[in-house]
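2239 is the number that my numbering gives the last residue of the sequence shown; the numbers go up by one with no jumps. Contents: one structure, followed by commentary.
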Amino acid sequence: MVEQTSTTRKRAKWLERVRHVAWAGLIALALSFPTLLDPIDQVMWASESRLSTRPASGEIVFVGAGSDLADPDSPQGRRQLAQFISRLDEAGAKAVYVDFAFDQDTDPATDADLNTALTEFSGESVLVDQVNTGLDGEPTLVSSRPAVASGVEVVATDSWINYLGYTWYMPYVVSYGEWALPNLPAHVAGVSGKAGENFLIDYDFELGSIPSYRFENIATAGADLSALSGKTVVIGIISRQGSQPRNIPGLPDVSPTLVSIYAAETLKAGPPHYVGALPALLAALAALLVVCTIRNNAVRRAGYLAIAIVVLTTPLLAPLVDLRISTAYALAIVAVYALFRVRTQWQRNLLLVDPQTNLPTFTALEANKDVAQNVPAIIVARIHRFEEVRRSLPVELHADYLLAITGRLKAATQDATIYLGQGHLIAWTMKEKDPALLREHLEGLRALFASPLIVGDQQVDVGITFGIDITPSPNVARRLAAAIAVAEKTTETFEPIAIADTTSQEDLIWNISLQARIDAALSNGEIYLAYQPKIMVQTGEIVGAEALVRWKDPIRGHIPPDSFIRQCETAGRMSQLTRFVLEEACKAGLAFERQGLHLPIAVNISATLLHERSIVSMVSEVLERTVFDPRRLTLEITETYRISNLDLAAEILGELKALGTKISMDDFGVGAASLEALLRLPFSELKIDRMFIAPMTNDPKALGIVKSVLQMGKDLRIIVVAEGVEDAGTLTLLRDSGCVVAQGFAISRPVTFDKILEYHRDSEKPPKEGMV
């Protein structure tokens, strides 16, 4: 049993860990939709780019101009550019790309010179159109004028800049309307791709390995350009005014052209493959699910550490295998899960110790393995008037009050560990389990508390009673709950010491799960209806049937109706059960009708349902759905003494009666409110309770009461039904007393639908007695 309890506890913790993993996964997934954690990925990628560097090819040269060479108001820039391109041709440059858009003409001679320099270049000369985003958010293609671009190959440049100024991917092809031009980096690298297809940019090339020159220095007449022989030269502006700053890892506000060169170097070396947030998140989720199921604490914690290390180092190691992985959301699921576990541990630690007194709590007792293994007696002390005393004491003395009580308990409990519960409850354990010896010991404790405690400068009387559990179960929590339950029922005068019932564990489990079992029983047909006939006493003719709910459990057999009906009331499931009975009873009434038996059906309605008007809509909906004649439906109100608001009940019953149903008072005579209820509520029938019917053959007082009620029914012009008729003598006496309608075991037990039909057929023949 100890092993079973330990296994149950371990399984509960395992399920808790799995639940935390699931919640962490859902939270991380939710965060991925608004891309809230993307900056973390970018920081990781930027760090990787700075930590794992490699040299660039050196074949692409960046020449940066400090001013806009395409400015139409400064034609000198275009003249210098034309001269520089001609000198590059002389120096043997392989290709030249001009990353400026000459969208306005300047003087014709200057533009003609520039066009000539480009068209007569021995290698490849290319102009670059720009895609800018206007104020309306729409892209605009800025192209060079024909005076410059005629006969010159044209590419375009377009890139997406995020809110941190980074460009992490570019398209192979720039599409604008009907035009589709190669993107600058793809053309420089000699790589082609499909329209709409993007590639990732790698920034792990060392900036110093990219040959870079300043245009103003290298474009002078005497500058040596021999180092540019065989190179691809890309000319662009160092900083483009009015555009969003471009950043690369470790260097802010760089030239857009330099970003394009990094992209070209990436394509030449082969772009990395991208692993998105979802695969990484799912991998981390799967890893956590596997590790969290490990039972060994040390191994499980080592697994958690390994997962954290992998998630943190993966972005740094991924470039070694040409990968770029989005690990922010994988890191999020690990972090959220860690927070759940830390919070749970903190809560457990908080629950184990009372913050005011530093004494262990009931939670600590429940988690005590020694108690589970050795199963000693568990004693719970109930301190009477505890809250009253606390209210009278200053706040700073509340802890002193508790410590004074526990101190006196410790003096007489052989240094047992004292555990604090909620408010007025204190517990400890004892090896002794003999009830007589335990009672003797606890009586001595009560005598010890006969003298008042000194709290501060005040004397405080303490009333104390005890609940004990001595069952052999290793389930400490259940045993503690049992001791608490009996302690709460103790009184200082009549029962100061009580021992918990030794009901079997199976019975306890059945009782505490009864509510859930009722729901299942309703859905799978274990709960059904039986019908008890009502007859005309004078003729034996069947004039109605009462629908009675029954439950046959496949394991326990028939469950007493009083038991599960009370459970339904306690659990708030009475409405579901009542709806079920109403629907089944109305369907049965229709089935009787199809068999030629127009039989009124009675259904019990708990008085607890008369506190809300929902019962009216329930009855109305059932009648409408089943098309059962409401004039043949009788609603028997049970336990009318439980009606707390007769005015509201009268309104509700009036609305039910307006539907066409009859209203009956069940169990008349039980409870002090019956006569008042009969006076104020619109009953058209009352049923004399069996407590008056059963003894009437040998108790003149009971017979007198029954005759009085029968006469009262005649005076009030309402039907009186005698229920609980157990023998033929009682039935005869009722017939002689003028009773019209009766039901009970002497007539018929509650039976099935078919038995009612059989009884009806028999009642049309000479009368039979004692049908069961």
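Here a beta-carbon is modelled for each residue, glycine too, at the ideal position from N, C-alpha and C.
Sort out for me which residues DSSP pairs S1642 with in a bridge.
A1647
With a threshold of 8 Å (Cβ to nearest heavy atom), would I1792 be considered close to the ligand SAM?
The ligand SAM is not part of the structure shown, which contains no ligands of any sort.
Quick one: any contact between the stretch 1926–1933 and the stretch 1849–1864, if contact means 3 or more CB pairs under 8 Å?
yes
Three-pair Cβ contact test at 8 Å for the stretch 1520–1540 versus the stretch 1833–1850:
no
Could you check which residue in Q1823, Q1889, T1811, T1828 has the C-alpha nearest to that of R1849?
Q1889
Three-way DSSP call (helix, strand, coil) for D1596 in this model:
strand
Use the C-beta contact count for T1828: other C-beta atoms within 10 angstroms, 16 or more gives buried, fewer gives exposed.
buried
Residues bridged to N1714 by DSSP?
Y1633
Residue ranges of each alpha helix (DSSP H) within the stretch 1489–1562, 4 or longer:
1505–1518, 1542–1558
Residues near P2149 by beta carbon distance below 8 Å, same chain, minus five either side
A2117, L2120, G2121, K2124, I2130
Grab me the residues of E1483's own chain with a C-beta within less than 8 Å of its C-beta, minus the 5 sequence neighbours each way, in chain order.
T1811
With a Cβ-Cβ cutoff of 9 Å, do I1715 and Y1633 count as a contact?
yes
With burial defined as no fewer than 16 other Cβ atoms inside 10 Å of the residue's Cβ, what is the status of Q2210: buried or exposed?
buried
Start and end of the alpha helix (DSSP H) containing V1820?
Unbroken run through V1820: none, as it is neither H nor E.
Going along the chain, which residues of its own chain have a beta-carbon closer than 6 Å to the beta-carbon of F1916, five neighbours each way excluded?
V1929, I1931
Can you tell me whether DSSP reads E1664 as helix, strand or coil?
coil
So, T2107 versus E2152, is the Cβ gap smaller than 9 Å?
no
Any chain B beta carbon closer than 9 Å to A1647:
Protein chains in the displayed structure number just one, and chain B is not present.
So, at 6 Å on beta carbons, what are the nonlocal neighbours of H2065 in its own chain, with the 5 sequence-adjacent residues on each side left out?
none
I believe A1560 touches G1590 by the beta-carbon criterion, under 8 Å. Please report the beta-carbon distance rounded to the nearest angstrom.
6 Å
My parser needs the beta strand (DSSP E) runs of 3 or more residues fully inside the stretch 1675–1763; what are they?
1679–1681, 1699–1704, 1713–1715, 1718–1721, 1740–1742
What does DSSP give as the partner residue(s) for H1851 in the beta ladder?
G1930
How would you label R2061, buried or exposed, when you count the other beta carbons within 10 angstroms and need 16 or more for buried?
exposed
Ends of the alpha helix (DSSP H) at I1951?
1943–1956
Between A2169 and the rest of its own chain, which residues show a CB-CB distance below 7 Å, the 5 nearest in sequence each way excluded?
F2159, P2162, M2163
Are Q1999 and R2228 closer than 9 Å when you measure CB to CB?
no
Taking all protein chains shown into account, do 16 or more other C-beta atoms lie within 10 angstroms of the C-beta of T1607, making it buried, or fewer, making it exposed?
exposed
Per-residue burial, A2139 [other beta carbons within 10 Å of its own, 16 or more giving buried]
Note that A2139 has pLDDT 49, beneath the 50 cutoff, so the model's placement of it is unreliable and no number is given.
Rounded Cβ spacing between L1860 and Y1868 (contact assumed at less than 8 Å):
6 Å
Put K2174 into one of helix, strand or coil per three-state DSSP.
helix
Closer than 7 Å by C-beta to P1652: which residues in its own chain qualify, once you throw out the five before and the five after it? Chain order, please.
M1637, S1727, A1730, A1731, L1734
Rounded to whole angstroms, what is the Cα-Cα separation between K1480 and D1882?
32 Å
Taking a contact to mean a Cβ-Cβ separation below 9 Å, would you say G2127 touches I2068 in this structure?
no
Tell me the DSSP secondary structure of N2071 in three-state form.
strand
Comparing C-alpha positions only, which one of F2220, R1612, A1750 sits nearest to Y1995?
F2220
Can you list, in chain order, the residues of its chain whose CB lies under 6 Å from that of A1949, leaving out five sequence neighbours each side?
D1936, A1967
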